[in-house]
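In the numbering used here, the protein residues as written are 5 to 246.
Even glycine gets a Cβ: it sits at the ideal position worked out from N, Cα and C.
Comments concern the structure below.
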């Protein structure tokens, strides 16, 4: 069974243009993520999907595979769908390019879960840490049932609290490692627009609800600090240099 890791890398980010190439302790962030993916899946199974020649040049300079994708991709998963049409695999793993502290064992765990539950899209989650704010809209919050099947994901704190005397829930956040098969990506990628709630939340995995494709969430071993804005770079560097 061939499993490949795809790292979508868009240069024209509205909040942080050129983010994939920002240096984290001297190394471009996209390269740090590619090294993590290659540790899990092998360099030959690691691909960066980008629309930008500057990213392509840096990635190839470091010896990694690049697949050029269109500028019209609505999301990173749409970019993964373009790769799936060019590269044959049994499992396609989408690993976000802005999480340079991911644990490679978590990539393997999610890949294994896809083998065990082939009819589910697989995604990672973890408890929100004590220093993280559930109200932070940059942290998608996860709500699951007792089988860890996704009920909903939101930038708002979910579940909501009606009566504070009952205490507060342990909030969970998304960890951006996903696993799909070809047909799941095809359903996603051939849709001409985002789902309404996906568009409001700006959380791409929600689109699968429209296709009645179930999503299983997997607890990961550790939390990764995502680089959402430039100010996050320093936090990640401090974590790396500890």
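{"Query": "Pull up the CB-CB distance for residue 101 and residue 163, whole angstroms please, since I reckon it's below 8 Å.", "Result": "About 30 Å; that fails the 8 Å criterion."}
{"Query": "Tell me, which residues are paired with residue 12 by DSSP?", "Result": "53"}
{"Query": "Taking three-plus beta-carbon pairs below 8 Å as touching, is the segment 106-116 in contact with the segment 198-210?", "Result": "no"}
{"Query": "Spatial neighbours of residue 35 within its chain, please: CB distance less than 8 Å, with the 5 preceding and 5 following residues excluded, ordered by chain position.", "Result": "62, 63, 66, 68"}
{"Query": "Check the DSSP bridge columns for residue 32 and list the partner residues they point to.", "Result": "27"}
{"Query": "Quick test of your reading: residue 11 and residue 45, contact by CB under 8 Å. State the CB separation rounded to the nearest angstrom.", "Result": "Actually they do not touch by this definition, with Cβ atoms about 11 Å apart."}
{"Query": "By a C-beta neighbour count over all protein chains shown, 10 Å radius and 16 as the cutoff for buried, is residue 83 buried or exposed?", "Result": "buried"}
{"Query": "Would you kindly check if the distance between the Cβ of residue 217 and the Cβ of residue 197 is under 9 Å?", "Result": "no"}
{"Query": "For residue 176, which of helix, strand or coil comes out of DSSP?", "Result": "strand"}
{"Query": "Is the beta carbon of residue 192 less than 9 Å from the beta carbon of residue 212?", "Result": "yes"}
{"Query": "For residue 240, report the span of its alpha helix (DSSP H) as first-last.", "Result": "236-244"}
{"Query": "At what residues does the alpha helix (DSSP H) containing residue 193 begin and finish?", "Result": "186-193"}
{"Query": "Quick check on this structure: which residue in 144, 190, 222, 176 has the alpha carbon closest to the alpha carbon of residue 182?", "Result": "222"}
{"Query": "Count the other C-beta atoms from every protein chain shown that fall within 10 angstroms of the C-beta of residue 29, then say buried if there are 16 or more, exposed otherwise.", "Result": "exposed"}
{"Query": "Just to confirm the assignment: which complete beta strand (DSSP E) runs, minimum length 3, are found wholly within the segment 56-99?", "Result": "69-72, 95-99"}
{"Query": "Distance check for residue 220 and residue 153, CA to CA, integer angstroms please.", "Result": "4 Å"}
{"Query": "Quick check: what's the CA-CA separation for residue 180 versus residue 14?", "Result": "16 Å"}
{"Query": "Where residue 103 and residue 230 are concerned, what is the direct C-alpha to C-alpha distance, given to the nearest angstrom?", "Result": "5 Å"}
{"Query": "At which residues does the alpha helix (DSSP H) containing residue 203 begin and terminate?", "Result": "200-205"}
{"Query": "For the beta strand (DSSP E) containing residue 131, list its first residue and its last residue.", "Result": "125-131"}
{"Query": "Return the CA-CA distance between residue 37 and residue 176, expressed in angstroms with no decimal places.", "Result": "23 Å"}
{"Query": "Whole angstroms are fine: how far does the CA of residue 131 sit from the CA of residue 238?", "Result": "23 Å"}
{"Query": "Could you compute how far the alpha carbon of residue 161 sits from the alpha carbon of residue 169?", "Result": "17 Å"}
{"Query": "Going by other Cβ atoms of all chains shown within 10 Å of its Cβ, with 16 needed for buried, is residue 4 buried or exposed?", "Result": "Residue 4 lies beyond the stretch modelled for the chain, which goes from 5 to 246, so this question has no answer here."}
{"Query": "Can you tell me where the alpha helix (DSSP H) holding residue 119 begins and where it ends?", "Result": "108-120"}
{"Query": "Let's see if you can read the secondary structure: which residues bound the beta strand (DSSP E) around residue 221?", "Result": "219-223"}
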